[in-house]
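Novice: Structure provided below as structure tokens; questions to follow.
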Amino acid sequence: MSTDSSSSGSIQSSRSGFLASPSGSARPARPAQLDPAILDHLGGGLDPEVISEMSHASAAALLDRVHHTEDPQIVRRVITLVDTEGVDIIAQLWSNAEPDSLPGILWRLYLLRTWMQRNREQIARLWRLGEPVATTASAIVGVDETPDAEDIARTADSILSGAFTGDFAVALDRASAFTDVIANGLRVQAHRITAAQKDAAAHGGMQGAQEAQGTPHDAQTRAARLMHTAANLLTTSRDFHEGAHLWRRGRLE
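No gaps in the numbering here: position 14 of the sequence shown is 2 in my numbering, and each next residue is one more.
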């Protein structure tokens, strides 16, 4: 995601706020963390109900395994699953799961980490726009008002690893607060584009506006894309918030 567009070559806006596309890099056929028997059947056109059952079973098994291990290498392999195996693997299992389910929430957490890692500099700038002073969101997420790219990368790992090794609901609260701030940053940037276009037009006529922001249509398109992505992120933030609520009630399955 660029700072004046809703997407980049690797991240596109989607119903869940962000969508990682395949990197195209070579990778093993299946991740060691997931049951090979499940993956062997994914390409066979199974009944959607069967796939749903496998998605729930695999999410619960993965979370349970990491919660009960003291091996930091296992934790790291699970956290970097998308990096090493590609997003297609978990997409086949979890991408169609509802957001109020464990596989649906894990899918969104993995995509959040991927998005943050690949767009860390742009997201750092959006955080500074959306959270210019430290607030409760800063405290919840664990980020101050002036993060750099490496702070964003560390936060991405921290949120996902916290889901597997710490309090799952707290990790979801952090993810929710983070996406809220970035959505606000996108809205701020969209408003700035619109305001700059209007100001340039008022003081320099149409030529001045085009020199400042391109044609009015270009500026409107960029602003609309930013607002669209912000709306998607707010939806995802609500998904994380509701997931935390369900987990605390023992109803996130």
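Even glycine gets a Cβ: it sits at the ideal position worked out from N, Cα and C.
Using the Cβ count rule (16 or more neighbours within 10 Å means buried), how would you classify G154?
Specialist: Residue 154 sits at position 166 when you count from the first residue of the sequence shown. So G154 counts as exposed.
Novice: Run through the region 127 to 168 for me and flag every whole alpha helix (DSSP H) of 4 or more residues, listed as ranges in chain order.
Specialist: Listed in chain order, they are 137 to 153.
Novice: On the criterion of 16 or more Cβ atoms from any shown chain inside 10 Å, does D227 qualify as buried, or is it exposed?
Specialist: Locating residue 227 in the sequence shown gives position 239, where the first residue counts as 1. The residue in question, D227, is buried, as its Cβ has 16 or more Cβ neighbours within 10 Å.
Novice: Please list the terminal residues of the continuous alpha helix (DSSP H) segment that includes H44.
Specialist: Position 56 of the sequence shown, counted from the first residue, corresponds to residue 44. That run of the alpha helix (DSSP H) goes 36 to 55.
Novice: Where does T209 fall in DSSP's three states?
Specialist: Reading the sequence shown from its first residue, position 221 is the one you call residue 209. Of the three classes helix, strand and coil, the one that applies to T209 here is helix, per DSSP.
Novice: Output the distance between the C-alpha atoms of A125 and F152, rounded to the nearest integer angstrom.
Specialist: Start at 1 with the first residue of the sequence shown, and residue 125 comes out as number 137. Start at 1 with the first residue of the sequence shown, and residue 152 comes out as number 164. Roughly 22 Å separates the two Cα atoms.
Novice: DSSP three-state call for N84: helix, strand or coil?
Specialist: Looking up residue 84 in the sequence shown gives position 96. Reduced to three states, the DSSP call for N84 is coil.
Novice: In whole angstroms, give me the CA-to-CA distance for T143 and R116.
Specialist: Looking up residue 143 in the sequence shown gives position 155. Looking up residue 116 in the sequence shown gives position 128. Taking the straight line joining both Cα atoms gives about 15 Å.
Novice: Using the three-state DSSP reduction, which class does D187 fall into: helix, strand or coil?
Specialist: Within the sequence shown, numbered from 1, the residue matching residue 187 stands at position 199. Helix, per DSSP.
Novice: Taking the CB atoms as reference points, tell me whether A137 and R108 lie closer together than 8 Å.
Specialist: Here residue 137 refers to the residue found at position 149 of the sequence shown. Here residue 108 refers to the residue found at position 120 of the sequence shown. For A137 and R108, yes; Cβs fall inside 8 Å.
Novice: Taking the C-alpha atoms as reference points, what is the distance between D206 and M104?
Specialist: Along the sequence shown, read from residue 1 onward, the residue named residue 206 stands at position 218. Along the sequence shown, read from residue 1 onward, the residue named residue 104 stands at position 116. If you take the alpha carbons of D206 and M104, they lie about 27 Å apart.
Novice: Is D71 helix, strand or coil by DSSP?
Specialist: Residue 71 sits at position 83 when you count from the first residue of the sequence shown. D71 falls in the helix class under three-state DSSP.
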